[in-house]
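Chains as they are written, first to last, in this note's numbering: chain P, 5 to 527; chain L, 28 to 451.
Cβ coordinates follow ideal geometry from the N, Cα and C atoms, glycine included.
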């Protein structure tokens, strides 16, 4: 599409949501379910920010039971809701808190008390039983506790919310950047938006604009001359090949760095660290943090350093600091912040929801849309705790064997494009059409394409060929998305390259540089 | 059974060294953890394709530009010529074509013209140096070959002569295998007369002056014969284009060399691992080889280490950043100077470990920091050698053949070789 005069093109909605992470799509879905006309804009792909880069733990609340009881209560309540409404995104792995030789076993008593006080089901089990369930866990653990932690697939969650919102009339616009907020006096009345794909600029008029930009919320608020202090707390994660553990294994101690190891689909993830960064878009993976996670992993699972590390990535937590000292009238919990800028700065039609954690995204969305209702003519009941997400209608919890089970009746029915993640050609082609994307990196997030042990060594050439053959891109476009993918992948691969995964990476070099010679592709 | 030489590694370098030794009546045992990179690489012999950013026209002319620290720095152009002539003669069933004087430009599976000195004759027809008309033919259901992308990219490539390209996709006869691998298709060419179908399917669809590029899956046991048959029946130049691994031409090459080795009396044992040596006074007396049930000690008079680089397990980097040679714990060059390996932040940057490997003297004996051989009767060949960037400069298969041959020559006639004046 050619660039159009913004005045010629505009959209209208009651609710405009800025930010396509879990909070944003949660808000959009909530608003749409309440019958509001809703548009969501996200500058990049959905879940490209914090949500797609978190560890994937659906908290039971156990982690916060001692340190932050209100967060623990929220977590267990949301945990129970998401197991039903977002069943397809949740694998019921269960959670295990263990006291390793580096942890004070008496903390376990505080832990149990905290869980009891906050309603988080927790049960101490004999060490032998814990080791039977988790044979790779350090045999020297002294205590073990079961909690209902689970693994949460962030991309499925975000796309499940987005599709659900769309089914209720919302428009979800990834790759649409907010250039400015439109003001009418002391009121935000919409946004000036640019499509990052077509370059087209247009306006979206809205009665209420909800800033759900997470760690970037301060940048959006500034456009309305509002101040939101969100600090970016960078956390590092490493995905390891295979499921070294079956349950979400936590260290039973006050939350610290590198104390969570959980299975996520065909891999497992260790996290995390916490370092303030001045710019949420500038996250550099430091060697000392890698070593810290590997060393902590070694404490939980001896031999961890010999296991294959597939990919490292950093996400940024939005950490809200209220320096405005304005008394909040709303029920703002310590774990997230809902800011009504009319009471803070006198700017109407503009709310910010930030902070929080993915586990409580639905609750945050509910709070934000409750507040929006007041500016949209009165309360309407929230339905997100009952209505399932798109894809979760059967209430069937995700299981690791789902893709294999779907394939098994006719194992040779068609080509498998990504053997690591069992992605068929038709699934890939359908997704390309449905999502209208030509970016291999988008397809990676949608399908987990290239997220397995070979990190795209085989499937990326195939997917580029299929994009080109299907007429979705010309040769230059196919080449560019392949090269972009290789560059993007390398960011997450090179910091953890060692052992057998270096062998794998060299095989991939062999394919891309040796066999294909992509370095000499024409433009 | 006793052996004169144990060769560690069954890739191109190890097989070349073993065959050269074996044909000269040395008793040779090849031990390897598995087959080597032959099964991945397209079986073309890339001697030298790039110097920096520049495409190399003539490997013979450009080889002297490489420094002493490069594996080629230990051999003369004459030796390279001799080694490759020997290689072509010993793989006659594959009919290697090409020359050291000018690289061919063979299309990769994504349509980049890759400089290669030699290629099996079934692939050599893909040479785009002289331009012309090409049609690339894909097989529906075969995911490791994308003819449209090849055709479109080649059309945009920097080539000496104009080129015309197009793509076709054919629907192979139904198979119970919906996920076709190259090996499965090759099996159908071998046993189910897929060539008959192909001739029929292409009937009337190509012009007489068009060359027909097919994925390199035209049979395994009788690939070369099937290719010849297709050229005759289609009355067109037909050529195979490399695919993603596994590489059928590479497997054919492995089988050709392995068969020649068996005929010459050498033994190949896969699934075992050379784990150490017994050495006396700087000389290896025996090699210890671990198999499933224990360790066997083979007395030897010489050893060839052709265990490959990081990809093949000849080199290893641990999570603390330490790199080691996995069989004999030899000294390495090309390592990061800091205590910790850090890879460069961009994928196509020069990577710190790219040139890691063992340094050798001109008899290809691994040397220590002072340039003295670690063992007087240990020679190294192939990707374990440091100083090259095989993927970047397109030199990997050439280095393997040339140094494999040269290592054998050093064992066969050490006295006949001039004493090196200096080691770079």
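Write down every uninterrupted run of the alpha helix (DSSP H) in the region 41-127 of chain L whose length is 4 residues or greater and which is fully enclosed by it, in chain order. 86-89 and 104-117
Is it a yes or a no for the region 376-383 of chain L touching the region 410-420 of chain L, going by three-plus beta-carbon pairs under 8 angstroms? Between the region 376-383 of chain L and the region 410-420 of chain L, the count of C-beta pairs closer than 8 angstroms reaches three or more; the two stretches touch.
Through-space distance from residue 56 of chain P to residue 331 of chain L, alpha-carbon basis: 49 angstroms
For the alpha helix (DSSP H) containing residue 406 of chain P, list its first residue and its last residue. 406-411
In angstroms with no decimal places, state the Cα-to-Cα distance between residue 391 of chain P and residue 211 of chain P. 25 angstroms
Buried or exposed: where does residue 71 of chain P fall if 16 or more other Cβ atoms within 10 Å of its Cβ makes it buried? exposed
Using a threshold of 8 angstroms, state whether the C-beta atoms of residue 42 of chain P and residue 360 of chain P are closer than that. no
Could you give the residue range of the alpha helix (DSSP H) that holds residue 165 of chain P? 158-171
Going along chain P, which residues have a C-beta under 7 angstroms from residue 346 of chain L? Residues of chain P passing the Cβ test: 298, 309, 502 and 503.
Quick one: does residue 198 of chain P have its CB under 8 angstroms from some CB of chain L? no
Excluding the five sequence neighbours on either side, which residues of its own chain have a C-beta within less than 6 angstroms of the C-beta of residue 238 of chain P, listed in chain order? Once the five neighbours on either side are set aside, the close Cβ partners of residue 238 of chain P are 279, 281, 287, 318 and 320.
Name the DSSP beta bridge partners of residue 301 of chain L, please? L:316
Measuring CA to CA, which of L:137, L:327 and L:298 is closest to residue 163 of chain L? L:137
If we call anything under 8 angstroms between Cβ atoms a contact, is residue 87 of chain L one with residue 125 of chain L? Taking the C-beta atoms as reference points, residue 125 of chain L is found no nearer than 8 angstroms to residue 87 of chain L.
Going by DSSP, what residue range makes up the alpha helix (DSSP H) through residue 115 of chain P? 111-122
Between residue 137 of chain L and chain P, is there a C-beta pair that is closer than 8 angstroms? So, interface residue.
Checking the sheet assignment: what are the DSSP bridge partners for residue 294 of chain L? L:56
Could you pull out every residue in the same chain whose Cβ sits closer than 8 angstroms to the Cβ of residue 487 of chain P, ignoring the five residues on either side in sequence? 522 and 525
Which whole-angstrom value is the C-beta distance of residue 131 of chain L and residue 149 of chain L, which I expect to be below 8 angstroms? With a Cβ gap of about 13 angstroms, residue 131 of chain L and residue 149 of chain L do not count as contacting.
Can you find a C-beta in chain L that's less than 8 angstroms from the C-beta of residue 332 of chain P? In this predicted model, residue 332 of chain P has a pLDDT of only 44, less than 50, meaning its place in the structure is not dependable; the value taken from the coordinates is given anyway. Interface annotation, residue 332 of chain P: not in contact with chain L, CB-CB separation never under 8 angstroms.
Rounded to whole angstroms, what is the Cα-Cα separation between residue 256 of chain P and residue 159 of chain P? 29 angstroms
Taking the alpha carbon of residue 34 of chain L as the point to measure from, which residue in L:260, L:311 and L:413 has its own alpha carbon closest? L:311
Let me know the secondary structure DSSP gives residue 106 of chain P once reduced to three states. coil
Suppose the cutoff is 7 angstroms on Cβ atoms and the five residues either side in sequence are ignored; what does the same chain contact list for residue 314 of chain L look like? Only 33, 301, 304, 325, 327 and 330 meet the Cβ criterion.
Is it buried or exposed, residue 514 of chain P, if we count other Cβ atoms within 10 angstroms and call 16 or more buried? Buried: at least 16 other Cβ atoms inside 10 Å.
Could you round the C-beta distance between residue 74 of chain L and residue 316 of chain L to whole angstroms and report it? I think they count as a contact, below 8 angstroms. Not confirmed; about 32 angstroms, so no contact.
Quick check on residue 5 of chain P: does DSSP put it in helix, strand or coil? Reliability of the predicted coordinates at residue 5 of chain P is poor, the pLDDT of 35 falling under 50, and the value obtained from them is presented with this limitation in mind. In this structure, residue 5 of chain P counts as coil in the three-state DSSP scheme.
Given residue 107 of chain L, which residues of its chain have a CB within under 6 angstroms of its CB, disregarding the five upstream and five downstream residues? 429
Report the three-state DSSP secondary structure of residue 390 of chain L (helix, strand or coil). coil
Determine, using beta carbons only, whether residue 81 of chain P and residue 174 of chain P come nearer to each other than 8 angstroms. At a Cβ-Cβ threshold of 8 angstroms, residue 81 of chain P and residue 174 of chain P do not count as neighbours.
Under 9 angstroms (Cβ pairs) to chain P, residues found in the region 258-287 of chain L: Among the residues of the region 258-287 of chain L, those with a Cβ less than 9 angstroms away from any Cβ of chain P are 269, 270, 271, 272 and 274, in the order of the chain.
Separation of residue 245 of chain L from residue 219 of chain L, as counted between CA atoms: 12 angstroms
Beta-carbon within less than 6 angstroms of residue 301 of chain P's beta-carbon, same chain only, minus the 5 sequence neighbours each way: which residues are those? 274 and 308
Start-to-end residues for the beta strand (DSSP E) that takes in residue 2 of chain P: The structure shown does not extend to residue 2 of chain P, since chain P spans only 5 to 527, so no value can be given for it.
Could you check if residue 229 of chain L belongs to the surroundings of the ligand GTP, using beta carbon to heavy atom distance under 7 angstroms? As for the ligand GTP, it is missing from this structure, which has no ligand bound.
What residues in its chain sit with their C-beta under 7 angstroms from that of residue 357 of chain L, if we drop five residues either side in the sequence? 385, 393 and 401
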